[in-house]
Amino acid sequence: MFAWFSALPVIVQTVTLLCISNLLMLCAWYGHLRFGTSSSLIVTIFLSWGIAFFEYIFMIPANRIGYQSMSVAQLKILQEVISLGIFVPFATFLLKETIKLNYLYAAVCMVFAVYFIFKD
Numbered sequence: 038m039f040a041w042f043s044a045l046p047v048i049v050q051t052v053t054l055l056c057i058s059n060l061l062m063l064c065a066w067y068g069h070l071r072f073g074t075s076s077s078l079i080v081t082i083f084l085s086w087g088i089a090f091f092e093y094i095f096m097i098p099a100n101r102i103g104y105q106s107m108s109v110a111q112l113k114i115l116q117e118v119i120s121l122g123i124f125v126p127f128a129t130f131l132l133k134e135t136i137k138l139n140y141l142y143a144a145v146c147m148v149f150a151v152y153f154i155f156k157d
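Converting from the sequence shown to the numbering used here requires adding 37 to each position, the first position being numbered 1.
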């Protein structure tokens, strides 16, 4: 890793890497719905795998770094919160989905999940 990045607090490093990882994974999983509709299924699958490779470059270090100060359960809940936080703008702006009240309900549930998993 870069020296300046390693100097950041563990939680900042973890969240930053997980945000990048989640954005790449959303592109791999859902980007083809917007941009790859004219490609064959096999081309789309290999392109998605290629994107997922880069996602792993960020996700694996995020989990290793985060595991220094968090449990696996805490890492997983953190990843899910980040995933939802990135998914909503991704779905809204890139895929032109309408934000629904259910997104808010899901976010509230995630806030409670974070509270309970980080509560000692």
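Even glycine gets a Cβ: it sits at the ideal position worked out from N, Cα and C.
* Asked: So, helix, strand or coil for F136, using DSSP?
  -> For the sequence presented, residue 136 should be read as Ile rather than Phe. Three-state result, I136: coil.
* To do: Measure how close the beta-carbons of A65 and I88 come, nearest whole angstrom, since I'm counting them as under 8 angstroms.
  => 4 angstroms between Cβ atoms; contact.
* **L55, DSSP secondary structure in three states** => DSSP places L55 in helix when its eight states are reduced to three.
* To do: Counting only runs of 4+ residues fully inside the stretch 72-135, write out the alpha helix (DSSP H) ranges in chain order.
  => Within the stretch 72-135, the complete alpha helix (DSSP H) runs of at least 4 residues are 78-103, 109-126.
* **Supposed contact pair A144 and L121 - C-beta distance, whole angstroms, cut 8 angstroms** => Right, the Cβ-Cβ distance comes to about 6 angstroms (below 8 angstroms), so this counts as a contact.
* Simplified DSSP state of A150, which is helix, strand or coil -> In the three-state scheme derived from DSSP, where H, G and I count as helix and E and B as strand, A150 is classed as helix.
* To do: Quick one: residues in its chain with C-beta nearer than 7 angstroms to the C-beta of V118, no 5 flanking neighbours on either side, listed in chain order?
  => For V118, where only same-chain residues beyond five positions count, the Cβ hits under 7 angstroms are M147, V151.
* Nearest to M96 by CA position, among N59, A110, A44, Y142, is which residue? -> Comparing Cα positions, the closest option is N59.
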